[in-house]
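Asks: Can you keep this structure in mind? I'll have questions shortly.
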Amino acid sequence: MSNSANQKIRLDYNNMMQEFVGGYGFTREDFDGLAEKVSAATTAMKAKRAQGLMDWRDLPHNQDKIVDEILAYVAAKADAFDAFVVLGIGGSALGPMAVQQAVNHPYYNELPRDKRGGYPKFYVVDNVDPERLVYLFDIIDVDKCLFNVVSKSGSTSETMSQFMIIKQMLEEKLGPDACRHIVCTTDSEKGNLIKIAQQEGYKTFIIPSGVGGRFSELTPVGLLPAAFAGIDIRALLAGAAYMDELCNNEDIQSNPGHMYGLLNYIAMRKGMPMSVMMPYADSLKYISDWYAQLWAESLGKKYDNGGNVVNVGPTPIKALGVTDQHSQVQLYVEGPYDKIVVLMGVDEYRETITIPKIYGDIPSLGFLGGATHNELITVEQLSTEYALLSSGRPNMTITLPRVNEFTIGQLLYLFEVATGFAGELLNINAFDQPGVEEGKNATYAMFGRPGYEDKKKELDARPAKKDGFII
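Residue numbers (numbering that gives the first Met the number 0): 0 to 470.
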């Protein structure tokens with residue numbers, strides 16, 4: 000993209016430094032003392048990529064054919080459906096929601112179809128709260144929807160249970176034509192879903208085998224839903240490719256992904272394991288949700304790579320500016336020194352609205368007249384930054400020149416690289432999730448899934464609850 004330089008997102012960590020925030024800030028010695036560890040982590044990142052152990056790093060560069068296939072499929076199918084519904088959970092849901100909320104109109108589904116560019120409405124159904132799916136049927140006609148079933152294994156209980164319900168509904172209404180209303184995103188060979196798709200004749204898109212769910216937004220997991228919502232997926236990938244170029248820089252001062260990972264690592268070492276993500280744009284609200292999974296699931300680990308019990312990991316906290324200035328910021332400014340705050344701002348909002356010059360005789364209101372909400376939200380962000388600074392609270396700011404596909408691609412990729420780099424610094428495996436698997440296995444056992452009999456016995460042997468501890 001020719002204008003990539005003026006669309007570069009910026010990481011400003013001045014307010015992480017002791018010379019700005021005082022005693023809890025970082026010093027040059029903090030960085031210098033980690034030079035050897037940083038060098039080793041940089042080398043490991045390169046080696047693992049070369050060995051095919053970080054296939055998600057190559058996604059911005061190797062999907063031209065997949066993009067062509069996705070765009071052709073969307074062009075052929077978009078007009079035929081009133082709604083595109085994603086059935087997925089974790090990264091399969093959070094990524095598509097984050098990108099849709101970021102790029103498109105905040106009331107996208109309420110717009111007339113022509114103002115949506117002719118694309119269908121967009122829904123994501125991730126949880127299995129029974130009310131969620133039942134109430135969706137109050138506002139959609141299943142026989143006018145295309146359902147995207149996203150599961151690499153095809154055994155994700157939440158997603159596959161939704162699929163089973165909808166498959167039956169479609170077949171009761173449409174008979175053999177039901178298969179035209181389901182598209183699957185899954186593994187090329189392994190798992191239940193690819194086998195079901197082949198048997199039933201469902202259109203299928205493939206998740207690369209070496210890419211885990213929370214790193215999959217730049218695969219068909221995220222690209223297909225984005226394309227069905229009219230989002231420019233080539234620009235999304237171009238932004239990620241540009242950030243990949245920046246994150247290949249061996250000088251950490253010029254590498255935003257590595258620097259972000261290092262800043263958080265130092266914060267953890269200094270007793271600040273909590274990381275608040277606070278965007279000052281409603282369009283970026285669900286980026287915080289996606290980031291929370293990426294950060295928590297990747298970096299919260301019991302064991303290090305040597306098998307030692309370490310129980311490490313940062314705790315991501317979601318906030319939204321200006322909203323949470325009126326709820327959470329009190330804690331961040333005056334509470335314990337156990338967290339850093341990451342503010343996220345925008346240089347240029349896509350719309351401008353001016354506050355009318357009325358109530359000039361009321362000093363507490365009149366000063367607002369003639370200003371814009373653009374100015375107000377920017378000043379509010381700077382005010383929160385100052386409140387944190389003056390209280391000695393380490394904070395940094397990520398700024399997007401404008402929210403669009405190119406800058407969102409950069410942002411997603413920056414956080415993914417930062418996650419991998421932080422994992423290297425922590426000496427953990429950032430790409431597994433044994434804690435999540437334990438919960439899954441317990442669910443399988445309690446439902447009597449074959450092969451989980453021992454886990455069921457283990458569950459049955461857990462201590463019985465005591466009435467005395469129930470009020």
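Just so you know, even glycine gets a beta-carbon here, dropped at the ideal spot from N, CA and C.
Less than 8 Å between the CB atoms is what I'm expecting for residue 217 and residue 148, so what's the real figure, rounded?
Replies: As a working note, residue 217 is residue 218 in the sequence shown. As a working note, residue 148 is residue 149 in the sequence shown. Between residue 148 and residue 217 the Cβ distance is about 19 Å, and since that is not below 8 Å, they are no contact.
Asks: Closest to residue 428 by C-alpha separation, out of 300, 378, 407, would be which residue?
Replies: The residue given as residue 428 occupies position 429 in the sequence shown. Answer by Cα proximity: 300.
Asks: Of the residues 466, 447, 183, which one's Cα is nearest the Cα of residue 459?
Replies: Numbered from its first residue, the sequence shown carries residue 459 at position 460. That would be 447, whose Cα lies nearest to the Cα of residue 459.
Asks: Looking at the structure shown, is residue 127 part of a helix, part of a strand, or coil, going by DSSP?
Replies: Indexing the sequence shown from 1 puts residue 127 at position 128. In this structure, residue 127 counts as coil in the three-state DSSP scheme.
Asks: Go to residue 406, then tell me how far its alpha helix (DSSP H) extends in each direction, as first and last residue.
Replies: Numbered from its first residue, the sequence shown carries residue 406 at position 407. Looking at the DSSP string, the run of the alpha helix (DSSP H) that includes residue 406 is 404 to 425.
Asks: To the nearest angstrom, how far is the alpha carbon of residue 101 from that of residue 412?
Replies: Counted from its first residue, the sequence shown places residue 101 at position 102. Counted from its first residue, the sequence shown places residue 412 at position 413. Roughly 15 Å between the two C-alpha positions.
Asks: Report, in whole angstroms, the separation of the C-beta atoms of residue 80 and residue 145, which I expect to be a contact under 8 Å.
Replies: As a position in the sequence shown, residue 80 is number 81, starting the count at 1. As a position in the sequence shown, residue 145 is number 146, starting the count at 1. About 4 Å separates the two Cβ atoms, so the contact holds.
Asks: For the beta strand (DSSP E) holding residue 147, just list the boundary residues, first then last.
Replies: As a position in the sequence shown, residue 147 is number 148, starting the count at 1. Its beta strand (DSSP E) spans residues 144 to 149.
Asks: Of all the options 357, 305, 377, which has the alpha carbon lying nearest to the alpha carbon of residue 320?
Replies: Here the question's residue 320 lines up with position 321 in the sequence shown. Cα-wise, what sits closest to residue 320 is 377.
Asks: Comparing C-alpha positions only, which one of 137, 431, 132, 34 sits nearest to residue 158?
Replies: For the purposes of this step, residue 158 is taken as residue 159 along the sequence shown, with counting starting at 1. Checking every option, the nearest Cα to that of residue 158 belongs to 132.
Asks: With a Cβ-Cβ cutoff of 8 Å, do residue 127 and residue 92 count as a contact?
Replies: Walking along the sequence shown from the start, residue 127 turns up at place 128. Walking along the sequence shown from the start, residue 92 turns up at place 93. In this structure, residue 92 does not lie closer than 8 Å to residue 127 by Cβ.
Asks: Indicate the three-state DSSP secondary structure (helix, strand or coil) for residue 9 in the structure shown.
Replies: The residue you call residue 9 lines up with position 10 of the sequence shown. Note: residue 9 maps to strand in three-state DSSP.
Asks: By a C-beta neighbour count over all protein chains shown, 10 Å radius and 16 as the cutoff for buried, is residue 286 buried or exposed?
Replies: Along the sequence shown, read from residue 1 onward, the residue named residue 286 stands at position 287. Buried: at least 16 other Cβ atoms inside 10 Å.
Asks: Roughly how many angstroms lie between the CA atoms of residue 203 and residue 185, to the nearest whole one?
Replies: Residue mapping note: residue 203 aligns to position 204 of the sequence shown, counting from 1. Residue mapping note: residue 185 aligns to position 186 of the sequence shown, counting from 1. So the two alpha carbons sit approximately 7 Å from each other.
Asks: Would you report the Cα separation of residue 370 and residue 13, rounded to the nearest angstrom?
Replies: Here residue 370 refers to the residue found at position 371 of the sequence shown. Here residue 13 refers to the residue found at position 14 of the sequence shown. Rounded to the nearest angstrom, the two C-alpha atoms are 29 Å apart.
Asks: What are the boundary residues of the beta strand (DSSP E) that residue 394 is part of?
Replies: Locating residue 394 in the sequence shown gives position 395, where the first residue counts as 1. Taken as a continuous stretch (DSSP letters only), the beta strand (DSSP E) holding residue 394 covers 394 to 399.
Asks: Check whether the region 289 to 307 and the region 47 to 54 touch, using three or more Cβ-Cβ pairs below 8 Å as the test.
Replies: With the cut-off at 8 Å, the region 289 to 307 and the region 47 to 54 do not touch.
Asks: From residue 456 to residue 445, what distance separates their C-alpha atoms?
Replies: Looking up residue 456 in the sequence shown gives position 457. Looking up residue 445 in the sequence shown gives position 446. Whole-angstrom Cα-Cα distance: 10 Å.
Asks: Among the residues of its own chain, which have a CB less than 8 Å from the CB of residue 262, if the five just before and after it don't count?
Replies: Taking the first residue of the sequence shown as 1, we reach residue 262 at position 263. Closer than 8 Å at the Cβ level, and outside the excluded window around residue 262, lie 12, 15, 25, 339, 395.
Asks: When you compare only the Cα positions, how much space is there between residue 328 and residue 254?
Replies: In the sequence shown, the residue the question calls residue 328 occupies position 329. In the sequence shown, the residue the question calls residue 254 occupies position 255. Between residue 328 and residue 254, the C-alpha separation is close to 30 Å.
Asks: What are the complete alpha helix (DSSP H) segments, minimum 4 residues, inside the region 203 to 276?
Replies: The region 203 to 276 contains these whole alpha helix (DSSP H) runs: 219 to 227, 232 to 246, 255 to 268.
Asks: Leaving out five residues on either side along the sequence, give the residues of the same chain with a beta carbon under 7 Å from the beta carbon of residue 332.
Replies: Here residue 332 is taken as the residue at index 333 of the sequence shown, counted from 1. Cβ within range, chain order: 386, 387, 390, 392.
Asks: Indicate the three-state DSSP secondary structure (helix, strand or coil) for residue 158 in the structure shown.
Replies: In the sequence shown, residue 158 corresponds to position 159, counting from 1. In this structure, residue 158 counts as helix in the three-state DSSP scheme.
Asks: From the DSSP output, read off the bridge partner residues of residue 65.
Replies: One-based indexing of the sequence shown puts residue 65 at position 66. BP columns for residue 65 are empty, so no partner.
Asks: Taking 8 Å as the CB-CB limit, is residue 230 close to chain D?
Replies: The chain labelled as chain D is not found in the depicted structure, where only one protein chain is given.
Asks: Alpha carbon to alpha carbon, how far is residue 150 from residue 39?
Replies: If you number the sequence shown from 1, residue 150 lands on position 151. If you number the sequence shown from 1, residue 39 lands on position 40. Those two C-alpha atoms are separated by around 35 Å.
Asks: Applying the 10 Å Cβ sphere with the 16-neighbour rule, what's the burial state of residue 435?
Replies: As a working note, residue 435 is residue 436 in the sequence shown. Exposed, because fewer than 16 other Cβ atoms sit within 10 Å of the Cβ of residue 435.
Asks: Exposed or buried, which one is residue 42 when buried takes at least 16 other CB atoms within 10 Å?
Replies: Residue 42 sits at position 43 when you count from the first residue of the sequence shown. Answer is exposed; the Cβ neighbour count stays below 16.
Asks: For the alpha helix (DSSP H) containing residue 472, name the first residue and the last one.
Replies: Residue 472 is absent from the structure shown; the chain starts at 0 and stops at 470.
Asks: Name the one or two DSSP bridge partners that residue 120 has.
Replies: On the sequence shown, residue 120 is found 121 positions in, with the first residue counted as 1. Partner(s): 82.
Asks: Compare the C-alpha of residue 219 against each of 120, 401, 70 and name the closest.
Replies: Working through the sequence shown from its first residue, we reach residue 219 at position 220. Out of 120, 401, 70, 70 has the C-alpha closest to the C-alpha of residue 219.
Asks: Specify, as a first and last residue, the run of the alpha helix (DSSP H) that residue 315 falls within.
Replies: Locating residue 315 in the sequence shown gives position 316, where the first residue counts as 1. Counting along the chain, residue 315 falls outside any alpha helix (DSSP H), though it belongs to the beta strand (DSSP E) covering 314 to 317.
Asks: Determine the DSSP secondary structure at residue 278, reduced to helix, strand or coil.
Replies: The residue labelled residue 278 in the question sits at position 279 within the sequence shown. Residue state, collapsed to three classes: strand.
Asks: Tell me whether residue 283 sits in a helix, a strand or coil according to DSSP, three-state version.
Replies: Here residue 283 refers to the residue found at position 284 when the sequence shown is read from its first residue. Residue 283 falls in the helix class under three-state DSSP.
Asks: Express the C-alpha separation of residue 29 and residue 265 in angstroms, rounding to a whole number.
Replies: Walking along the sequence shown from the start, residue 265 turns up at place 266. Walking along the sequence shown from the start, residue 29 turns up at place 30. Distance between the alpha carbons of residue 265 and residue 29: 7 Å.
Asks: Tell me whether residue 364 is buried or exposed, calling it buried when 16 or more other Cβ atoms sit within 10 Å of its Cβ.
Replies: Taking the first residue of the sequence shown as 1, we reach residue 364 at position 365. Exposed: under 16 other Cβ atoms inside 10 Å.
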